[in-house]
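Colleague: When we follow this note's numbering, the leftmost residue of the sequence shown carries the number 67, and every step to the right adds one.
Every residue gets a Cβ at the ideal spot worked out from N, C-alpha and C, and that includes glycine.
Quantities reported herein were computed from a predicted structural model and do not represent experimental measurements.
Let me give you the structure first, and then I'll get to my questions.
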Amino acid sequence: MDKTIIVNLSLQESPVPIGYSSNDESIPSTDCSTIYPINAFLQSKCSSLDTVTVLLVGKNDPNERVKHSIDQFTTEFGRNCASCGLSYRIIPVLVPYDADLRTQKALIKQLVELLQPNNEIISDITFGAKDFAIVLMSVLSFAIKHLDCTADYILYREVFFQNGFPERPVIRNFAPLLHLTSLIYTLDTADPSKAKKILESVLSF
């Protein structure tokens, strides 16, 4: 199957490779230590029949950490995922180091232009700029509605650090939130009271 992987690159100086537990039956727990949890997740998700495009989204930071992050991800992906024999390409998508609306619009355009129809899109938002998650939601909503893509996994590793050491890392999947938000946007009524009742009904499932 054709897959598009979208990853928000870390700008941390020394991100720590760790495993994670999972309370989601569709996401296996793992003892495999990775910087990017998607690389552990993809071990059980990809096969030699897959064609994968990896979009590495990062900001051109003053210390050029993004270049190191690209190398880290590429090495980790090759070690954990590419060994199964899948066909893949890795494309860096770099933007200026700011949160300007023009930059965000340009990023949405870049990502959409790189997406192909009928792809399974899997994302990792563990690291990087906070505005990326909102940008990604816009891109995925467009891809689902207009490119017949699926987006069942938006991965995020939640971890608490104690004295610099990670404790209780858990992997979360935010894709249900994307689908819920998309559903809420379809509500169509001019009556505020009726809208609230419909929303309550939607949220009860």
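Within its chain, find whatever has a CB closer than 7 Å to the CB of residue 170; leave out the 5 residues flanking it on each side and keep chain order.
Modeller: Result list for residue 170: 197 and 201, in chain order.
Colleague: To the nearest angstrom, report how far apart residue 107 and residue 221 are at their CA atoms.
Modeller: A straight line joining the alpha-carbon of residue 107 with that of residue 221 spans about 9 Å.
Colleague: So, with DSSP's three-state summary, where would you put residue 125?
Modeller: Of the three classes helix, strand and coil, the one that applies to residue 125 here is strand, per DSSP.
Colleague: Going by other Cβ atoms of all chains shown within 10 Å of its Cβ, with 16 needed for buried, is residue 120 buried or exposed?
Modeller: buried
Colleague: Go ahead and pull the three-state DSSP assignment for residue 270.
Modeller: coil
Colleague: When burial is assigned at 16 or more other CB atoms within 10 Å of the CB, is residue 185 buried or exposed?
Modeller: buried
Colleague: Cβ atoms of residue 152 and residue 116: under 9 Å apart, would you say?
Modeller: yes
Colleague: What do you reckon, are the CB atoms on residue 124 and residue 181 nearer than 9 Å?
Modeller: Here residue 124 is not near residue 181, since their CB atoms are 9 Å or more apart.
Colleague: Give a yes or no on whether the C-beta atoms belonging to residue 190 and residue 103 are separated by under 9 Å.
Modeller: yes
Colleague: Can you tell me whether residue 224 is helix, strand or coil according to DSSP?
Modeller: strand
Colleague: Can you have a look at residue 146 and say buried or exposed, based on whether 16 or more other CB atoms are within 10 angstroms of its CB?
Modeller: When all chains shown are included, residue 146 counts as buried.
Colleague: Report all residues from its chain with a CB closer than 8 Å to the CB of residue 209; omit the five preceding and five following residues, and keep chain order.
Modeller: Cβ within range, chain order: 178, 181, 185, 187, 215 and 217.
Colleague: Go through its chain and collect everything with a Cβ distance to residue 142's Cβ below 7 Å, but skip five positions before and after it.
Modeller: 100, 101, 102 and 105
Colleague: Using 9 Å as the limit for Cβ to Cβ distance, is residue 202 near chain C?
Modeller: Any reference to chain C falls outside this structure, which holds one protein chain only.
Colleague: Please state whether DSSP places residue 161 in a helix, a strand or coil.
Modeller: strand
Colleague: Can you find the residues in the same chain that come closer than 6 Å, C-beta to C-beta, to residue 245, ignoring five residues on each side of it along the sequence?
Modeller: none
Colleague: Pick out whichever of 139, 87, 73 and 118 has its Cα sitting closest to the Cα of residue 80.
Modeller: Nearest C-alpha to residue 80: 139.
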